[in-house]
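Asker: If you're matching positions, the sequence shown starts at -3 in the working numbering and goes up one per residue. This structure is in structure tokens; I'll ask about it shortly.
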Amino acid sequence: MSATSKEQRGDAPIRVGLVGIGNWAIHGHVRALNLLPQYALRALWSTRPEAGRAAAEAHGIQEVVDTLDALVNHPEVDLVVVLNTAPQHAETVRKAIAAGKHVYCEWPLTVATETSRELVRLADEAGVRHTVGLQRRLAPHNRHLRDLLQEGYVGRIRSIRIHVSMNAFGAERSTALRWTVPVENFSSAISIYAGHFLDMLFTATGWPECVSALAINQIKSVTIRETGEVLPTTTPDQLVMLGRMAGDAVVAVHVEAGKRNGRGVRIDITGDEGDLRITNSSAFGGVGDDYVIEGARGQDVPMQRLDVPVSYDRLPPSDLPSAVLELAELYVAYAQDLRTGSRQVPTFADAVRLHELLDAAEQSTRDGREVALR
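Structure, rendered in structure tokens:
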């Protein structure tokens, strides 16, 4: 079935084939998709067949197939959802595109910018829809923030500051995360957390025109918890970045891994007429850990909570964690895009833009100079 004919299926559920069945696949994607009537979990392929069969039985996935080729060529799969490790993304996405299937891929899209550019070209040439998992840009709080800024809540933006911290990517990791240690796998606090939260922020505020950055490796080795194996690593775990926005606004970024206490996200936006502050306490949010937006307009005015209007919530009622609800918002937007022809969801081209930002930070660290962005 071609991509064009799939778009003519009307209101029938979008039939999903999952590639990979790791923790985020089960904790995030399966629960988000099962929440939404627009989707049906049709098939699954995993390199761990027993885990795949157990997941299928537990979560109502109709079929477990034996090979990746069988999954992407399955006649009852409309959307291939790529959830294996970042080094495996490129091969998987290429196969999905070659099969003429629409494809969702987790961020990072690939481990290298040029490879991600190649996937944009292949997907566009094949005429398939392509989506990257930068779901936080579509979260209710971020769409509300974008609207507040566009409506002039702070006036002209003068400065933006974001601090993101997490206990993950510290000096000890599980066997399941051993693959994140080598720098060439592009799966660090900087690529994953900075990637997600800078895309979220800059979708609301606009993107910087140039950056100066310092990316540092402080954690020189990682111990695998189950085995005691010690692995050397050169992967950066601290990123400090300054940038200039259009109109001479400035942005300051700090992302740090392995933080023991006081973790989360804080964003401060200063304008010539007011201020906004956005916070949460865990970065990738848990149950009830929604972002809090506070604002004030005028001079010496106390910050007040600005609740996100219920109109920004497009989901059925649930008790799912906020990180999963953010993902479900992306899937709702994708279904609307497929039905109406709109373009709400982030695409592989958006992933390339984010790759280029992180490349600029790496180049600035290496060369000790400001780097202009395209």
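Glycine included, each C-beta is placed from N, C-alpha and C at the ideal position.
R132 to S338, Cα distance in whole Å?
Answerer: Each residue's alpha carbon lies about 19 Å from the other.
Asker: So, W103 versus L130, is the Cβ gap smaller than 7 Å?
Answerer: Contact flag set, yes.
Asker: Taking only three categories from DSSP, how would you classify G191?
Answerer: Helix, per DSSP.
Asker: Distance check for Y149 and A95, CA to CA, integer angstroms please.
Answerer: Those two C-alpha atoms are separated by around 47 Å.
Asker: Tell me which same chain residues have a C-beta within less than 7 Å of the C-beta of V226, skipping the five on either side of it?
Answerer: Once the five neighbours on either side are set aside, the close Cβ partners of V226 are S217 and T219.
Asker: For the structure I just gave you, are there three or more beta carbon pairs, one from the segment 188 to 207 and one from the segment 157 to 175, closer than 8 Å?
Answerer: Touching, yes.
Asker: Hey, out of S112, V304 and L353, whose CA is closest to R142's CA?
Answerer: Answer by Cα proximity: V304.
Asker: From what residue to what residue does the alpha helix (DSSP H) around P45 run?
Answerer: P45 to H55 is the span of the alpha helix (DSSP H), which, as asked, contains P45.
Asker: Identify whether W41 lies in helix, strand or coil by the three-state DSSP scheme.
Answerer: Residue state, collapsed to three classes: strand.
Asker: So N30 packs on H70, CB below 8 Å; how close in whole Å?
Answerer: No, N30 and H70 are not in contact; Cβ-Cβ is about 19 Å, not under 8 Å.
Asker: Taking the beta strand (DSSP E) that R139 belongs to, which residues open and close that run?
Answerer: Not the beta strand (DSSP E): R139 falls in the alpha helix (DSSP H), residues P136 to Q146.
Asker: Would DSSP call L316 helix, strand or coil?
Answerer: Correct three-state label for L316: coil.
Asker: In whole angstroms, what separates the C-alpha of R273 from that of H250?
Answerer: One C-alpha to the other measures close to 16 Å.
Asker: With a threshold of 7 Å between beta-carbons, can P104 be considered close to chain D, or not?
Answerer: Absent from the structure: chain D. Only one protein chain is present.
Asker: Near G267, what residues of its chain come up, given a Cβ to Cβ distance below 7 Å and the 5 sequence neighbours on each side ignored?
Answerer: So the qualifying residues of the chain are V150, G151, R152, I153 and R154.
Asker: Identify, in the order they occur along the chain, each residue of the same chain with its Cβ nearer than 7 Å to the Cβ of Y327, setting aside the five sequence neighbours on each side.
Answerer: Closer than 7 Å at Cβ, skipping near neighbours: A28, L29, L32 and Y35.
Asker: Rank S278, T201 and A119 by C-alpha distance to the C-alpha of V246 and give the top, closest one.
Answerer: Checking every option, the nearest Cα to that of V246 belongs to T201.
Asker: A368 bridges to which residues according to DSSP?
Answerer: For A368, which the question treats as bridged, DSSP gives the partners C206.
Asker: I need the straight-line Cα distance from G239 to V261, nearest angstrom please.
Answerer: Taking the straight line joining both Cα atoms gives about 19 Å.
Asker: Using a Cβ distance threshold of 8 Å, determine whether the segment 347 to 357 contacts the segment 311 to 323, with at least three qualifying pairs required.
Answerer: Not touching, per the Cβ criterion.
Asker: Which partner residues of Q340 appear in the DSSP bridge assignment?
Answerer: Looking at the DSSP assignment, Q340 forms no beta bridge with any residue, so it has no partner.
Asker: Using only the alpha-carbon positions, how far apart do D120 and L75 sit?
Answerer: Distance between the alpha carbons of D120 and L75 is about 16 Å.
Asker: What whole-angstrom Cβ distance do L64 and K97 have, given they're in contact under 8 Å?
Answerer: That belief does not hold up - the Cβ atoms of L64 and K97 are roughly 12 Å apart, past 8 Å.
Asker: Whole angstroms are fine: how far does the CA of E252 sit from the CA of A135?
Answerer: Cα-Cα distance, rounded: 23 Å.
Asker: To the nearest angstrom, report how far apart G18 and A51 are at their CA atoms.
Answerer: Their backbone Cα atoms lie some 10 Å apart in a straight line.
Asker: Go through its chain and collect everything with a Cβ distance to E168's Cβ below 6 Å, but skip five positions before and after it.
Answerer: T219 and R221, listed in sequence order.
Asker: Short check: CB of R139 to CB of Y308, under 7 Å?
Answerer: Yes. Within cutoff.
Asker: Helix, strand or coil: which one does DSSP assign to M237?
Answerer: Of the three classes helix, strand and coil, the one that applies to M237 here is strand, per DSSP.
Asker: Look at the alpha carbon of I57 and the alpha carbon of W20, and state the distance between them as a whole number of angstroms.
Answerer: Rounded to whole angstroms, I57 to W20 spans 16 Å at the Cα level.
Asker: Look up G243 in the DSSP assignment and say whether it is helix, strand or coil.
Answerer: Three-state result, G243: helix.
Asker: So is the beta-carbon of D333 under 6 Å away from any non-hydrogen atom of the ligand FMN?
Answerer: As presented, the structure is devoid of all ligands, the ligand FMN included, so that no description of it is given.
Asker: So who's on the other strand from G18, going by DSSP bridges?
Answerer: None; G18 has no bridge partner.
Asker: Note down the Cα distance separating M299 from I265, rounded to an integer number of angstroms.
Answerer: Rounded to the nearest angstrom, the two C-alpha atoms are 12 Å apart.
Asker: Whole angstroms are fine: how far does the CA of F344 sit from the CA of L115?
Answerer: So the alpha carbons of these two residues sit roughly 7 Å apart.
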